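Novice:
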Amino acid sequence: MWGRTLLMEFRKSWRGFAIFILVVVIISAGMAQLFPVISEAFEEEMEELEGMEYVHLEVEDEIIHLSWVEVEDAVEYVVIEDRHPYMMMSREVNRTDMNRTTIPHPEDEVRYFAVKYLTNDSAEMPLGMASTVEPTDPMEELMDTAFYRMFTAGRADVTFEEMEGFMSVELYSWWILLVGVYLSYLSVKSITEDYEERRMDVIFSTPIPRKQYILEKFSALALFTLILVSLSGSMLMLSVRAVGEPGGWEFLVSLLISWPMLMVIIAFSMLFAVVTQSSRKAVGGSFAVILIQYALFMAGHMVESLEPVLPFTISYYWDYNSVLLDGVVYPLHLLLLVAVAGVSVFLTVFLFQDSDIPA
Amino acid sequence: MSKKPVIDIRGLTKYYGDVVGIEDLDLKVYPGEIMGFLGPNGAGKTTTIRACLDLIQKSKGEVKIFGLDSHEDSLEIRRRTGYLPGDFGMYNDLKVKTILRYLLSQSGIIDDSRMRSLAKRFELDIDRKYGELSKGNRQKVGMVQAFMADQDLVILDEPTSGLDPLMQKKFYEFLREEKERGKTIFMSSHILAEVEEVCDRVAIIRKGHLQVVEDIHSLKDKMGKKLVVEFENSVDPDIFKIDGVKDVKIEGRWVTMIVTRNLDEVIKKLSKQNVINMSLETFSLDQLFLTYYSRGGQG
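So the protein lines, in turn, are chains A and B. Here numbering that gives the first Met the number 0 is used: the first residue of the first sequence is 0, the next is one more, and so on. Here numbering that gives the first Met the number 0 is used: the first residue of the second sequence is 0, the next is one more, and so on.
(1) Report the rounded CA-to-CA distance for A404 of chain A versus P35 of chain A, giving the unit in angstroms.
(2) Scan the segment 192-218 of chain A for residues whose Cβ lies nearer than 7 Å to a Cβ of chain B and list them as they occur along the chain.
(3) Can you find a C-beta in chain A that's less than 8 Å from the C-beta of R49 of chain B?
(4) Could I get the ranges of all uninterrupted alpha helix (DSSP H) runs contained in the segment 129-206 of chain B, with 4 residues as the minimum, in chain order?
(5) L52 of chain B touches chain A at which residues, Cβ-Cβ below 9 Å?
(6) Check whether the segment 271-281 of chain A and the segment 290-309 of chain A are in contact - that is, three or more C-beta pairs closer than 8 Å.
(7) At the 8 Å Cβ level, is I55 of chain B part of the contact set with chain A, yes or no?
(8) Here's the rule: buried if 16 or more other CB atoms are within 10 angstroms of the residue's CB, otherwise exposed. What is N136 of chain B?
(9) Assuming K128 of chain B contacts L93 of chain B (C-beta within less than 8 Å), just tell me the rounded distance between them.
(10) DSSP three-state call for P134 of chain A: helix, strand or coil?
(11) Can you check DSSP and say which residues form a bridge with D7 of chain B?
(12) Would you mind sorting D235 of chain B into buried or exposed? The rule is 16 or more other CB atoms within 10 Å of its CB.
(13) Helix, strand or coil, according to DSSP, for W253 of chain B in the structure here?
(14) Between which two residues does the alpha helix (DSSP H) holding N40 of chain B run?
(15) State the DSSP-derived secondary structure class of K219 of chain B, mapped to helix, strand or coil.
(16) Can you tell which of B:L262, B:V227, B:I154 and B:E179 has the C-alpha that lies nearest to the C-alpha of T47 of chain B?
(17) Using Cβ-Cβ distances below 7 Å, what residues of the segment 143-156 of chain B are close to chain A?
(18) Classify F112 of chain A as helix, strand or coil using the three-state DSSP reduction.
(19) Can E249 of chain A and V178 of chain A be called in contact, C-beta distance under 8 Å?
(20) CB V201 of chain B to CB G35 of chain B, shorter than 8 Å?
(21) Where does F121 of chain B fall in DSSP's three states?
(22) Within 8 Å (strictly less), CB to CB, does A17 of chain A reach chain B?
(23) Tell me where the alpha helix (DSSP H) around N320 of chain A begins and ends.
(24) When DSSP builds the beta bridges, which residues end up paired with W67 of chain A?
(25) Which chain B residues sit within Cβ distance under 7 Å of M7 of chain A?
(26) Within 10 Å of its beta-carbon, does V109 of chain A have 16 or more other beta-carbons around it, so buried, or fewer, so exposed?
(27) Just checking: is the beta-carbon of V18 of chain B within a distance shorter than 8 Å of some beta-carbon in chain A?
(28) Identify the contact partners of D353 of chain A in chain B, using a Cβ-Cβ distance below 7 Å as the criterion.
(29) Between A:V78, A:L235 and A:Y147, which has its C-alpha nearest A113 of chain A's C-alpha?
(30) By the three-class DSSP mapping on this structure, what secondary structure does G35 of chain B have?
(31) From the DSSP secondary-structure annotation, give me the bridge partner or partners of I79 of chain A.
(32) With 8 Å set as the bound, which would you pick, yes or no: does the beta-carbon of R154 of chain A sit closer than that to a beta-carbon of chain B?
(33) Taking C-beta pairs closer than 7 Å, name the residues in chain B that R3 of chain A reaches, listed in chain order.
(34) Express the C-alpha separation of M149 of chain A and E306 of chain A in angstroms, rounding to a whole number.
(35) Kindly indicate which residue of A:E244, A:L235 and A:S268 has the alpha-carbon position closest to the one of V252 of chain A.
(36) For F271 of chain A, which residues from the same chain have a beta carbon less than 6 Å from its beta carbon, with the 5 sequence-adjacent residues on both sides left out?
Here it is, written out as structure tokens:
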């Protein structure tokens with residue numbers, strides 16, 4: 000009878016489903032609540048380098064002359080430099096008790112400097128920053144790097160100043176890991192547990208066709224995923240509105256269109272489960288597929304020569320940025336994902352149909 | 000038997016790679032009988048049963064159940080066949096009644112009154128979670144599951160494994176009642192006494208090959224009786240060279256032999272000697288089984 004196995008899947012797994020939905024909803028909606036704090040921080044940094052009024056920089060004959068205001072209780076000044084204003088990879092270039100120093104600058108390279116001072120009680124205090132170029136928005140600096148493009152799916156117009164850009168990087172870019180990995184685990188387990196807990200013989204002593212068994216398991220997971228993306232998307236939309244941002248529909252739609260991609264993950268995982276008949280092997284195989292395709296997707300956006308691999312990743316066809324930033328949905332991409340999921344399910348049924356169920 | 004067999008296995012062969020599961024097996028089970036299927040571990044009992052239910056694909060041969068092909072018509076066969084696997088599991092976190100109703104519904108049955116009455120008969124609490132049950136109670140779940148849809152044929156793989164002796168007796172009684180109701184039962188077992196108690200016929204399998212299929216009583220007759228005699232003085236073994244007497248062993252004044260035919264003539268010969276003590280034993284199925292295998296299947 001159709002639907003019984005689907006219902007059974009919900010009966011045995013509803014607790015796990017509910018907890019996972021709750022976690023994903025909290026992460027999705029909660030992320031939007033962080034936006035005002037984060038965007039404010041970025042806006043502040045945009046105006047100027049911190050403490051630039053206390054540090055003066057002049058370049059003359061490939062020598063940088065750096066000077067700063069004297070601080071009364073300073074015993075020593077420390078100068079660090081970096082190529083970027085966020086000073087994440089900085090190195091110390093000078094340590095002096097005077098309020099000036101010179102640093103060679105043989106090439107016309109962009110340099111950012113920060114001056115700190117040490118007090119009598121060995122405390123290290125920031126004084127100010129200066130650079131060889133006009134100060135720019137550190138976010139824009141970051142956005143110009145290939146590293147950043149890994150997290151924006153190749154888009155250069157993703158900025159933390161807008162909710163769409165913030166959510167694109169902070170939620171959507173790793174959504175496939177957050178949701179896909181657990182879904183893959185659930186899909187594998189839904190079949191391999193029946194093998195490993197020796198339920199297959201009992202199930203297939205009843206007149207349920209093997210095809211129906213696979214389709215019902217797939218339908219249960221597809222339905223669960225639809226509930227998951229709908230709830231997460233809706234709560235995210237409400238959360239976006241709660242922080243005073245307009246609209247919000249694009250956040251719901253871009254999560255809803257992750258459904259076909261997640262279907263592919265479910266179908267692949269079930270295929271692994273039927274082929275290996277082992278949780279360990281199938282989970283390992285499907286996790287590897289998800290992580291490798293994710294790594295390729297990111298690498299394809301970071302390294303130009305790897306761009307041709309992008310169409311071979313499933314993440315490529317879930318274009319959340321086009322919905323978030325341009326308000327456009329590409330139905331052909333989604334249809335392609337549905338087709339891949341369909342072919343995987345067909346293959347799973349085909350292989351399961353005549354396979355031996357181990358005693 | 001002139002009736003059309005419920006299970007008709009011809010030349011059934013199953014290889015697991017290079018390993019022989021079963022080879023060229025022929026077996027018929029007729030309507031209304033309880034057929035026992037005996038064999039040591041790894042003999043091929045479970046493989047045969049699982050091939051009948053299309054859980055594994057046969058390498059060669061033909062299996063017909065109710066005249067239907069075991070693979071092509073598997074669904075129709077399963078609609079009419081109950082099955083208790085030898086080693087099975089259920090959903091540990093769910094109540095027994097939820098699991099049984101789910102399985103029952105797969106056969107298109109909504110009414111669970113037979114399931115409830117079987118559970119009551121086998122003293123099974125269906126309101127408990129499966130994972131909380133003891134091994135014996137889990138076996139009862141399997142028994143109820145196999146019979147709850149009231150199908151024409153029930154296949155049982157080691158059905159009383161884990162049951163206490165009292166429950167085993169109840170189960171044998173139940174099997175006899177089911178037979179009276181016209182059900183056909185095909186059961187594998189290690190417990191020879193169980194087969195002896197409930198089965199009409201027995202098939203013995205060894206290393207994937209069927210050794211014998213016999214009515215239990217005629218099998219016992221064929222195997223003969225064990226005659227042990229104590230004489231006053233030692234006797235000439237030649238006096239027991241009678242057609243139907245074999246395995247004559249003499250230890251001092253004690254003589255042991257197997258008599259399959261001409262018991263009357265043996266008694267006449269004995270009457271001419273001074274006999275002090277004598278016993279005539281019918282083989283139990285246990286002894287029969289061991290004897291059969293120790294002779295490599297030469298009854």
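Built from N, CA and C at the ideal position, the CB exists for glycine as well. Bear in mind that the values here come from a model prediction, so they are computed numbers and not experimental data.
Specialist: For this structure:
(1) Outside the displayed range of chain A (0 to 358) lies residue 404 of chain A, so it cannot be described from this structure.
(2) E196, R197, R198, D200, V201, F203, S204, T205, P206, I207 and P208
(3) On the second sequence, position 50 is the one that residue 49 of chain B refers to. It does; some Cβ of chain A falls within 8 Å.
(4) Here the runs fully enclosed are 134-146, 164-179 and 191-197.
(5) Locating residue 52 of chain B in the second sequence gives position 53, where the first residue counts as 1. Correct list: D200, F203 and S204.
(6) no
(7) One-based indexing of the second sequence puts residue 55 of chain B at position 56. Yes, I55 of chain B counts as interfacial toward chain A.
(8) In the second sequence, counting from the first residue as 1, residue 136 of chain B sits at position 137. Label assigned to N136 of chain B: buried.
(9) Here residue 128 of chain B refers to the residue found at position 129 of the second sequence. Here residue 93 of chain B refers to the residue found at position 94 of the second sequence. Rounded, the Cβ-Cβ distance is 6 Å, consistent with contact.
(10) Position 135 of the first sequence holds residue 134 of chain A. The answer is coil: DSSP assigns P134 of chain A none of H, G, I, E or B.
(11) Translated into positions along the second sequence, residue 7 of chain B becomes position 8. DSSP output for D7 of chain B lists B:K27 and B:K63 as bridge partner(s).
(12) Against the second sequence, residue 235 of chain B aligns to sequence position 236. Around the beta carbon of D235 of chain B, fewer than 16 other beta carbons sit within 10 angstroms, so the residue counts as exposed.
(13) Stepping through the second sequence from its first residue, residue 253 of chain B is reached at position 254. In the structure shown, W253 of chain B sits in a strand (DSSP, three-state: E or B).
(14) Within the second sequence, numbered from 1, the residue matching residue 40 of chain B stands at position 41. Segment: none, N40 of chain B is in no alpha helix (DSSP H) and carries neither H nor E.
(15) As a working mapping, residue 219 of chain B is identified with position 220 in the second sequence. Of the three classes helix, strand and coil, the one that applies to K219 of chain B here is helix, per DSSP.
(16) Here residue 47 of chain B corresponds to residue number 48 of the second sequence, with the count starting at 1. For the residues B:L262, B:V227, B:I154 and B:E179, the minimum Cα distance to T47 of chain B belongs to B:I154.
(17) Q144
(18) Counting from one through the first sequence, the residue named residue 112 of chain A turns up at place 113. Residue state, collapsed to three classes: strand.
(19) Counting from one through the first sequence, the residue named residue 249 of chain A turns up at place 250. Counting from one through the first sequence, the residue named residue 178 of chain A turns up at place 179. No, Cβ-Cβ distance for E249 of chain A and V178 of chain A is not below 8 Å.
(20) Within the second sequence, residue 201 of chain B is the residue found at index 202, counting from 1. Within the second sequence, residue 35 of chain B is the residue found at index 36, counting from 1. Yes, these two residues count as a Cβ contact at 8 Å.
(21) Locating residue 121 of chain B in the second sequence gives position 122, where the first residue counts as 1. In this structure, F121 of chain B counts as coil in the three-state DSSP scheme.
(22) The sequence position of residue 17 of chain A within the first sequence is 18, counting from 1. By this cut-off, A17 of chain A is not an interface position.
(23) Residue 320 of chain A sits at position 321 when you count from the first residue of the first sequence. Y319 to D325 is the span of the alpha helix (DSSP H), which, as asked, contains N320 of chain A.
(24) Counting from one through the first sequence, the residue named residue 67 of chain A turns up at place 68. A:V54.
(25) Reading the first sequence from its first residue, position 8 is the one you call residue 7 of chain A. Under the 7 Å cutoff, chain B gives Y101.
(26) Translated into positions along the first sequence, residue 109 of chain A becomes position 110. V109 of chain A comes out exposed.
(27) The residue you call residue 18 of chain B lines up with position 19 of the second sequence. No, V18 of chain B does not count as interfacial toward chain A.
(28) For this step, residue 353 of chain A is matched to residue 354 along the first sequence. Q56, listed in chain order.
(29) Here residue 113 of chain A corresponds to residue number 114 of the first sequence, with the count starting at 1. Closest by alpha carbon: A:V78.
(30) Within the second sequence, residue 35 of chain B is the residue found at index 36, counting from 1. G35 of chain B: strand per DSSP, three-state reduction.
(31) Locating residue 79 of chain A in the first sequence gives position 80, counting from the first residue. Answer is A:E91 and A:A113, bridged to I79 of chain A.
(32) For the purposes of this step, residue 154 of chain A is taken as residue 155 along the first sequence, with counting starting at 1. No - not a single Cβ of chain B is within 8 Å of the one on R154 of chain A.
(33) Residue mapping note: residue 3 of chain A aligns to position 4 of the first sequence, counting from 1. Residues of chain B passing the Cβ test: Y101, S104 and Q105.
(34) The residue labelled residue 306 of chain A in the question sits at position 307 within the first sequence. The residue labelled residue 149 of chain A in the question sits at position 150 within the first sequence. About 12 Å.
(35) Stepping through the first sequence from its first residue, residue 252 of chain A is reached at position 253. Residue A:L235 is the option with its Cα nearest to V252 of chain A.
(36) What you label residue 271 of chain A is simply residue 272 of the first sequence in a count that begins at 1. The residues are A281, G284 and S285.
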